[in-house]
Each structure stands twice: as C-alpha cells, then as structure tokens.
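The structure appears below as structure tokens.
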DNA sequence: GGAAAATTTGCGAATGACTTGCAAATTTTT
DNA sequence: AAAAATTTGCAAGTCATTCGCAAATTTTCC
Ligand SMILES: [Mn+2]
Ligand SMILES: [Mn+2]
Ligand SMILES: [Zn+2]
Ligand SMILES: [Zn+2]
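Chains as they are written, first to last, in my numbering: chain A, 1 to 127; chain B, 128 to 254.
The structure is reproduced here in structure tokens:
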C-alpha cells in the first residue's frame, strides 16, 4: 500500500462526516494531486473500505461524498444532509435488507446497490 | 405556457421510464435547444409536475433523470435501475413517510427531500 | 540487498453534463 | 395591436471528474 493510499484512507477514517475528493485534495496535510485522490478513492471503494453517494446541493453543486467503511468492510450507513450548514447526520446502519429482499423476490431482479439519503434543515439551523 | 414547455411536459408524461434532459433534447420530435430543455425541466420540477434524481451508471455516467408527476402533483415514486439494459422498474409510490417522520422526531431536523433508488440486474438480463 | 517488472503518481489537457449572457422571438398584459 | 415580460437559441463558460504519459515509487524475484 502506497503512502498516498494510506494517508487518504486515514483521512477518511478520521472524518466524522462524508467528504468529497476535492475536500481531501485541498487538505493541506495531505497535498496529493486531485487525480491521485480520485483514483485512490475509487480503489478504496472497490476494496470495500469506503462507501460513497452522489449528492446535489444548490450551494456546492453535484459531488460524490465518501465515508469510511472499515477493514472488516463494516456497516453500510445512510445520511441526512443539512442544506444550510452542509453538515451530515448519520442515520445509522442501513435497515432495508428485508424490504429489498422482498423487492428482489417480487420483481426477480438482483440488487447490487442502493442509494438513500435525506436532505433538509437541521435542528441547529432551524433555530 | 409556451410551446416548448408544453411539448416537454407531454414527452415526460408519455414516457414510461425516467428520462434525461439529453434524451429529450436529442428526441427528433422535440428539437428544442438543450438549454431550453434544461430550463424547462427545472421549471416543471419546481412546479411539482416533474420529479428527478441523479443516478450514476458506469456506461452512461452521471445524469439527472426526470419523470412525470401529474397536474395534481401526484405520487412520489422510486425506481430500480438495471445496469445492463438501463431500464427502470417502478417500485411504486414511496412508503417511507412513517420512517421519515420518526427520524424527524428523533433528530429534530426538517426533511425537505429524500432520494432512494436501487441498482442491479433485472430479471431479463439475468437470463 | 539490488535490479527488473509492475504499479502509482503528478501534471496538464480533455470530457461531458449542465449553466449562463445576450439578442431575437414568443407570450402575456393592457 | 402595442408595450412589457418572459422564453428561446446560440455560443461560450463552468466545474467535477477522467485520462495520457513520463517520472517516481512500490513490489517481485534472485
Ligand atoms: Mn451541501
Ligand atoms: Mn444506466
Ligand atoms: Zn444545519
Ligand atoms: Zn436489464
């Protein structure tokens, strides 16, 4: 595992919030080329150490957000995103296995992935 | 309501599957400028006559898909997308109001939107 | 350990969906 | 039907992400 790879993985692990490739690329403590960041995030996701989703927000446009998933290819999470302060709230581990199995049975398709997230205004920003 | 607007709305209504702005712009029977298509899709969504979601597929990249939502601002739907034949399967109207209300209560945030879709291989493509 | 092979990196240029400025055309208002 | 308001087409711009390629790093093999 290369130095860049390890550093990017550590940054992901350290972050409480999902982060974009750009955020990592601009992080002064990392300072790897954006192409390197993008390539390594792909790699880490393929490996199962990271998960991502694409989110569009008026202020920041359309970007892919990454979060850590552990060496044990840990739990798949879902998030709420505040459109005012742009923070994410972890909704906890995914609880849709049952529903998705039911759909697979009903339609006879095979689900390889699912995307779910919420957007709105967080408690702090309402006040 | 302008001619372009009406034509784009009709095209949306006529389509069984969610469509991208590009698909509509390239449709020979429409032949409106892409900027016009994009602008009108925004308009229709704001009006509540259309709904959209961003989906990434390896073959076609990242694009926003639109579907019709009725004059009565009809029901919000969710979809399964086949990564082989690129067809969508309508999973029916959204059944997450209850769960989302529970989350709103738990976290004290206000949900303004939610995104949910599945990707995988459809029945026909498995065979 | 050290040379050769395989992989990764940085840089700069390209891609592609989507947006925007502006003048002309259409639609709405009066 | 003229004036005011909105929308359209075109061309150029934006921005996240990707790609080609030569140099640098990491891994493999002896
Ligand atoms: Mn945001
Ligand atoms: Mn597809
Ligand atoms: Zn907030
Ligand atoms: Zn299929």
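C-beta atoms are modelled at their ideal positions from N, C-alpha and C, and glycine is treated no differently.
Check: Residue 49 of chain A classed as buried or exposed, judged by whether at least 16 other C-beta atoms fall within 10 angstroms; Outcome: buried
Check: Limits of the unbroken alpha helix (DSSP H) element including residue 8 of chain A; Outcome: 3 to 14
Check: Sub-9 Å separation of residue 192 of chain B and residue 181 of chain B beta-carbons; Outcome: yes
Check: Pick from A:19, A:109, A:90, A:15 that is closest to residue 233 of chain B, judged by C-alpha positions; Outcome: A:90
Check: Chain A residues whose Cβ lies nearer than 8 Å to that of residue 187 of chain B; Outcome: Per Cβ cutoff of 8 Å: no residues; residue 187 of chain B is ~14 Å from chain A at best.
Check: Cβ-heavy atom distance, residue 86 of chain A to ligand 3, below 8 Å; Outcome: yes
Check: Distance CB(residue 78 of chain A)-CB(residue 119 of chain A) smaller than 9 Å; Outcome: no
Check: Boundaries of the beta strand (DSSP E) in which residue 179 of chain B is found, first to last residue; Outcome: 177 to 184
Check: Residue 148 of chain B versus residue 13 of chain A - alpha carbon distance; Outcome: 37 Å
Check: 6 Å Cβ shell around residue 68 of chain A - same chain, five flanking residues per side excluded; Outcome: 12, 13
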